[in-house]
Amino acid sequence: MSINIQTERLILREFTKEDTVDLHEICSETYILKWMPDWEVPFEIREKWIEWVRSKYITSTRENIRMMLGIVLKESGKLIGMVGVGNKEEVNNEIEIAYFITEKMSGKGYVSEAVQAMSKWIFKTFDIDYLIAIVELDNYSSQRVVEKCGFTKIGKRMILNSGESEEKPFYYYKLLNNRKQIM
Numbered sequence: 000m001s002i003n004i005q006t007e008r009l010i011l012r013e014f015t016k017e018d019t020v021d022l023h024e025i026c027s028e029t030y031i032l033k034w035m036p037d038w039e040v041p042f043e044i045r046e047k048w049i050e051w052v053r054s055k056y057i058t059s060t061r062e063n064i065r066m067m068l069g070i071v072l073k074e075s076g077k078l079i080g081m082v083g084v085g086n087k088e089e090v091n092n093e094i095e096i097a098y099f100i101t102e103k104m105s106g107k108g109y110v111s112e113a114v115q116a117m118s119k120w121i122f123k124t125f126d127i128d129y130l131i132a133i134v135e136l137d138n139y140s141s142q143r144v145v146e147k148c149g150f151t152k153i154g155k156r157m158i159l160n161s162g163e164s165e166e167k168p169f170y171y172y173k174l175l176n177n178r179k180q181i182m
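And the structure:
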């Protein structure tokens with residue numbers, strides 16, 4: 000499977016080994032680490048992560064999804080972030096969408112564009128019933144993204160998130176696959 004999802008301004012595509020330097024630079028930004036502290040890793044670990052992600056493109060199934068794609072500007076071909084979908088062990092193994100973008104490109108609607116495209120592609124490709132998003136209570140920009148993309152805030156959940164040592168409250172959002180009839 001070769002994944003290449005195109006929107007008006009973006010290409011969502013499989014990561015390549017050549018993305019390691021740019022991805023590592025983005026993931027090292029304080030802007031990203033504030034919300035995703037477990038992404039602060041040495042360069043060698045980032046290389047291994049990309050290899051691991053690449054292996055998941057072939058092995059992902061409806062029951063065990065791991066699809067992490069680079070967000071690339073169509074105009075320049077520059078990697079600016081990541082959008083991914085995967086089973087979230089900390090939330091009953093439900094399928095979560097996660098994303099980040101370099102601070103230099105934030106506030107331009109790129110993340111919303113990527114999340115909408117990824118959600119549609121995942122629903123079509125894997126025929127899942129719904130996606131979730133968990134968002135920290137004070138991460139207002141991420142709340143705006145998921146709400147703009149049609150996710151419904153269901154409530155708060157206490158979650159021990161990856162990279163954290165204690166449970167803390169997150170908003171729990173859900174986006175239904177509108178091709179399915181779900182209560």
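First residue of the sequence shown: 0, per numbering that gives the first Met the number 0; consecutive thereafter.
Heads up, the beta-carbon is just placed ideally off N, CA and C, and yes, glycines get one too.
- Do the CB positions of Leu197 and Leu130 come within less than 7 Å of each other? The structure shown does not extend to residue 197, since the chain spans only 0 to 182, so no value can be given for it.
- Query: Taking just the CA atoms, how far does Trp38 sit from Cys26?
  - Reply: 6 Å
- Query: For the candidate residues Gln5, Gly154, Ile158, Lys107, whose alpha-carbon lies nearest to that of Lys173?
  - Reply: Gly154
- Message: Pairs of beta-carbons, one from the stretch 42–51 and one from the stretch 81–93, closer than 8 Å: are there three or more?
- Response: no
- Task: Could you say which of Thr101, Val134, Gly80 lies nearest to Asn160 if we only look at CA atoms?
- Result: Val134
- Cβ-Cβ separation, Ile70 to Ala113 (assumed contact under 8 Å), whole Å: 5 Å
- Taking Lys103 as the reference, which of Gly83, Ile121, Ala97, Ile79 has the closest Cα? Ile79
- Query: What do you get for Glu163, buried or exposed, if any count of 16 or more other CB atoms within 10 angstroms of its CB means buried?
  - Reply: exposed
- Task: Please go through the same chain and pick out, in chain order, the residues whose beta-carbon is closer than 7 Å to the beta-carbon of Gly149, but skip the five residues on each side of it.
- Result: Leu174
- Item | Whole alpha helix (DSSP H) elements within the stretch 23–82, 4-residue minimum | 29–32, 42–58
- Leaving out five residues on either side along the sequence, give the residues of the same chain with a beta carbon under 6 Å from the beta carbon of Thr151. Lys173
- Message: Judging by CA-CA distance, which residue of Ile121, Arg156, Ser105 is the nearest neighbour of Glu28?
- Response: Ser105
- Message: What I want to know is whether the C-beta of Ala113 ends up closer than 6 Å to one or more non-hydrogen atoms of the ligand NAP.
- Response: No copy of the ligand NAP appears in this structure; indeed no ligand is present at all.
- Leaving out the 5 sequence neighbours to the left and right, which residues in its chain are closer than 7 Å to Gln142 when beta-carbon positions are compared? Val134, Tyr170
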